[in-house]
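This report concerns only the one structure given below.
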Amino acid sequence: MKCAQGYFGTLLAITVSGLVVSGCVPMTPPANINPITGQPIQTFDPEAKRKAEDQLFANFKTAGKAVLIVPTISLDSLRINFDDNDAKAKFVRLRSGVTEWTNTSRPSSSIRVGYDTGNDDGAIEARDSYFQLVFGRTLYKIYLVDPGHYRISDVSYNLPRTSAFEAPGGRNISPSPLGYAMLKALSFDEFEHGKKWEDASYRNETVQEDYCTSVRVVNNECTSWGKSSYDVKRQTSEAGWTSSIKQQTVEARNVTVKLAREFASFDIASGEVVVIDGFYAEPPAATLRDKSCKQFDQESMRCELQQLTLVHIQGEVEQVKNSQNPADYHFPSIGQALKELTYRPIKIQARETDGNSVWGQSYTVKAN
Numbered sequence: 031m032k033c034a035q036g037y038f039g040t041l042l043a044i045t046v047s048g049l050v051v052s053g054c055v056p057m058t059p060p061a062n063i064n065p066i067t068g069q070p071i072q073t074f075d076p077e078a079k080r081k082a083e084d085q086l087f088a089n090f091k092t093a094g095k096a097v098l099i100v101p102t103i104s105l106d107s108l109r110i111n112f113d114d115n116d117a118k119a120k121f122v123r124l125r126s127g128v129t130e131w132t133n134t135s136r137p138s139s140s141i142r143v144g145y146d147t148g149n150d151d152g153a154i155e156a157r158d159s160y161f162q163l164v165f166g167r168t169l170y171k172i173y174l175v176d177p178g179h180y181r182i183s184d185v186s187y188n189l190p191r192t193s194a195f196e197a198p199g200g201r202n203i204s205p206s207p208l209g210y211a212m213l214k215a216l217s218f219d220e221f222e223h224g225k226k227w228e229d230a231s232y233r234n235e236t237v238q239e240d241y242c243t244s245v246r247v248v249n250n251e252c253t254s255w256g257k258s259s260y261d262v263k264r265q266t267s268e269a270g271w272t273s274s275i276k277q278q279t280v281e282a283r284n285v286t287v288k289l290a291r292e293f294a295s296f297d298i299a300s301g302e303v304v305v306i307d308g309f310y311a312e313p314p315a316a317t318l319r320d321k322s323c324k325q326f327d328q329e330s331m332r333c334e335l336q337q338l339t340l341v342h343i344q345g346e347v348e349q350v351k352n353s354q355n356p357a358d359y360h361f362p363s364i365g366q367a368l369k370e371l372t373y374r375p376i377k378i379q380a381r382e383t384d385g386n387s388v389w390g391q392s393y394t395v396k397a398n
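For any residue, its number in the numbering used here is found by taking its place in the sequence shown, counting from 1, and adding 30.
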């Protein structure tokens, strides 16, 4: 007889009255074994992950990789009142902006640059940064990349308090030479903080008392007792104004841009350690062509691009070197690699335009 494989059971044989009886009995799997697959359970070990990532930087030259540092905005210096829904919505917009650079000869090799694109979910994902440094209002994201020519290919951001979709356009919509944007519905929770009047509250309590039912005449001693009970109304809280929080879910929009034209690009070779200038997708970065939207699938709508505006974030070697030392955070190999850091100018095909961004100069590329 054969039992199921794994930890479902084991073959048991016993002798009863001279007969051998066999069968499968359940067996409890070890704590680190998946009872369904019988395979070891993968647990997230931050220390092991950190060592593995740092080792990648120790071996990046022999692996044919390059170290790339890209700046974006740092929101750490902002003082946000998260009880204010207007301030919270603005913060959600700012932190959602992501710019993606893609290797033109190897499209599977790309990096995502944004405030929240850190590699902190337990997986070693090359598209997100392994480490980051803060210098004032600039956040420097550190990546391992394949050598080659990189261009801005995608942009994404969220727009809270915005309807998810646009009105659909005509039946025959011509594609924009600049590219297109995909719109998707999101939800966003807001909390209204206020005051409300509360009346005084009371509760009834039952009070029990003992009383004498029979007394000895000689010495006035009670010889038998009875019990009585009655209700008493007691105040548990005073009347007055109290704090209140009311949750409200509002509509929001996710925008993902697929760019067909050149906006900015750079080249990097194997073994290099370079910092470049970055471009931040400050929402709303994309302008949609009028009457160009059409439902794409059950969850998203495609709209053609009229123009795209990104904010230039200047990268500087001295700022990187005067910020935090990765070795102090147990990334000695990253710290060692940064000793070879040089600045690499990028080629900007977009045009400088007027803008009111507090983060840097605006650049725009248009469809025509």
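For glycine and all other residues, C-beta sits at the position ideal for the given N, C-alpha and C.
Alpha carbon of residue i to alpha carbon of residue j, nearest angstrom
i    : j    : result
E77  : D113 : 35 Å
K263 : I275 : 30 Å
Q391 : Q379 : 14 Å
K257 : T236 : 13 Å
L318 : A88  : 45 Å
P56  : E83  : At P56 the pLDDT is 44, less than 50, meaning the model places this residue with poor confidence; the figure from the coordinates comes in the next sentence. So the alpha carbons of these two residues sit roughly 41 Å apart.
V287 : V175 : 22 Å
D320 : G199 : 8 Å
E251 : V245 : 5 Å
Q35  : D75  : Because Q35 carries a pLDDT of 39, less than 50, the predicted location of this residue cannot be relied on, and no value is offered for it.
V304 : F161 : 15 Å
F195 : R123 : 17 Å
L189 : G144 : 16 Å
Y187 : R381 : 22 Å
D384 : N202 : 34 Å
K79  : G148 : 14 Å
Minimum Cβ-Cβ distance from residue i to chain C less than 9 Å
i    : result
S254 : Here there is only one protein chain, and chain C is not present.
Environment of residue i [buried if 16+ CB atoms lie within 10 Å]
i    : result
Y170 : buried
I110 : exposed
L108 : exposed
Y260 : exposed
S52  : Since pLDDT at S52 reaches only 41, below the 50 mark, its modelled position is unreliable, and the value read off the structure follows with that caveat. Exposed, because fewer than 16 other Cβ atoms sit within 10 Å of the Cβ of S52.
T129 : buried
E348 : exposed
Q358 : Reading off the sequence, residue 358 comes out as Asp, not Gln. Result: exposed.
G308 : buried
R181 : buried
G166 : exposed
A269 : exposed
S206 : buried
H223 : exposed
T168 : buried
V350 : buried
First through last residue of the beta strand (DSSP E) which encompasses residue i
i    : result
Q238 : 231-246
N188 : 178-190
Q336 : 330-343
S126 : Unbroken run through S126 is the alpha helix (DSSP H), 115-126; no beta strand (DSSP E).
E281 : 270-289
W255 : 251-267
R142 : 136-144
K95  : Unbroken run through K95: none, as it is neither H nor E.
Y173 : 168-175
Best match in the options for proximity to residue i [C-alpha to C-alpha]
i    : options                : result
F296 : D84, F87, V100         : V100
N355 : Q344, E346, A367, G345 : A367
G178 : K95, L289, Q344        : K95
C242 : T253, V304, R167       : T253
L289 : S267, D229, V245, E334 : E334
P468 : S126, G127, R157       : This structure cannot speak to residue 468, because the chain is shown only from 31 to 398.
Y210 : R381, I343, R332       : R332
W271 : K226, N250, S126       : K226
T132 : S126, L124, A311, I141 : I141
A397 : D327, S300, S204       : S204
F221 : V350, D116, D384       : D116
L371 : D146, Y393, I172       : I172
W255 : E268, Q238, S267, A269 : Q238
T266 : Y232, Q328, S322, K118 : Y232
S193 : V185, D184, L213       : L213
Q344 : L86, R80, T102         : T102
I306 : S104, H342, V285, D327 : H342
R291 : K79, T134, K120        : T134
G184 : L208, L163, A197       : The sequence as given places Asp at residue 184; Gly does not occur at that position. It is L208 whose Cα lies nearest to the Cα of D184.
L98  : F361, N249, A299       : A299
Unbroken alpha helix (DSSP H) run spanning residue i, endpoints
i    : result
G365 : 362-367
K79  : 76-88
K351 : 347-351
Using 8 Å as the Cβ pair cut-off and three pairs as the minimum, do the stretch 210-217 and the stretch 270-287 touch? Short answer: they touch.
Just checking, does the stretch 333-344 make contact with the stretch 301-317 on the three C-beta pairs under 8 Å criterion? The stretch 333-344 vs the stretch 301-317: in contact.
Determine contact between the stretch 369-386 and the stretch 292-312, defined as no fewer than three beta-carbon pairs at a distance below 8 Å. Output reads yes: the stretch 292-312 touches the stretch 369-386.
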